Amino acid sequence: MASAKQPSAIDEAVFGQKDQQLDYKTRTGAYIIIPDAQHYRMLLVTAPNGALLLPGGGMEAGEDQAETLQRELLEEAGFKVSNVRYLGRAGEYFYSHFRQQAFYTPGYFYIAEAYEKVKDPLEDFNNLIWLPIPQGIQALKRPTHKWAVKQWLKELS
């Protein structure tokens with residue numbers, strides 16, 4: 000994977016309301032939009048709970064965004080990507096009833112213009128799905144992920 004450019008701005012789109020009475024666990028992530036060559040469909044990951052998300056995930060200790068994307072893409076899809084470009088940062092405050100925990104999830108979002116399947120995914124509990132982009136935006140669970148796709152589409156027009 001080409002190295003993902005580090006963001007230069009600290010601007011961040013924020014979704015959700017922070018409840019001052021809750022203790023938030025911060026989980027920073029890196030996510031990537033992978034469109035098909037015609038920019039008609041995009042790759043989404045179906046998490047074990049059924050949520051549709053952009054490929055990517057939480058950053059491990061010592062990882063930068065490029066390393067996180069590389070690891071997550073191999074785990075989830077068996078993909079390597081190239082022509083990677085930074086789109087922006089967005090975070091969300093939310094409460095997970097499943098985990099009984101409040102989260103703040105700042106994410107760094109990227110677009111990849113090319114991908115290659117290099118091996119079978121390392122994880123067998125996620126499903127991959129290619130959806131037409133408008134349908135994919137509607138299906139994405141996280142508002143930060145929807146925001147990132149819309150940012151990319153603005154750049155295309």
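Read in numbering that gives the first Met the number 0, the sequence shown has 56 at position 57, and its numbers run on one by one without any break. Note that the Cβ used here is the ideal one computed from N, Cα and C, for glycine as well. Quick caveat, the model's predicted, so the values are computed rather than measured.
Separation of residue j from residue i, as counted between CA atoms
| i | j | result |
| --- | --- | --- |
| K149 | D123 | 29 Å |
| Y109 | V44 | 16 Å |
| L152 | H96 | 32 Å |
| V117 | T25 | 32 Å |
| R88 | G106 | 6 Å |
| L51 | W146 | 14 Å |
| L86 | N125 | 25 Å |
| A3 | P120 | Caution is warranted here: a pLDDT of 47 is assigned to A3, below 50, making its placement in the model unreliable, and the coordinate value is therefore given only provisionally. Spanning the two alpha carbons is a distance of roughly 21 Å. |
| P142 | F14 | 7 Å |
| T27 | E75 | 18 Å |
| S156 | E62 | 33 Å |
| A65 | G57 | 12 Å |
| W129 | A29 | 20 Å |
| F78 | L127 | 11 Å |
Nonlocal neighbours in the same chain, by C-beta distance under 8 Å from residue i, ignoring five residues either side
| i | result |
| --- | --- |
| I31 | L53, P54, G55, L68, L72, V80, V83, F108, Y109, I110, A111 |
| Y39 | P131, I132 |
| K17 | Y23, Y92, Y103 |
Residues near residue i in its chain [Cβ-Cβ closer than 7 Å; skip 5 each side]
| i | result |
| --- | --- |
| A113 | V80, S81, N82 |
| K140 | A50, L51, L52 |
| A46 | L52, N125 |
Boundaries of the alpha helix (DSSP H) in which residue i is found, first to last residue
| i | result |
| --- | --- |
| Q99 | Element bounds for Q99: n/a, residue is neither H nor E. |
| L130 | Not the alpha helix (DSSP H): L130 falls in the beta strand (DSSP E), residues 126-131. |
| L152 | 142-155 |
Close-in-space but distant-in-sequence residues of the same chain around residue i (CB under 6 Å, 5 per side omitted)
| i | result |
| --- | --- |
| E59 | none |
| P34 | M41 |
| E115 | K79 |
Residue interval of the beta strand (DSSP E) (run including residue i)
| i | result |
| --- | --- |
| A115 | A quick correction: the sequence has Glu, not Ala, at residue 115. Where E115 is concerned, the enclosing beta strand (DSSP E) stretches over 106-116. |
### Query
Do three or more CB pairs link the region 125-138 to the region 90-101 at distances below 8 Å?
no
### Message
Whether or not the region 83-95 and the region 12-24 are in contact is what I'm after, with contact meaning three or more pairs of Cβ atoms, one per stretch, closer than 8 Å; do they touch?
### Response
yes
### Task
Mind listing, in chain order, the continuous beta strand (DSSP E) runs of no fewer than 3 residues lying wholly within the region 6-92?
12-14, 23-25, 28-32, 40-45, 55-57
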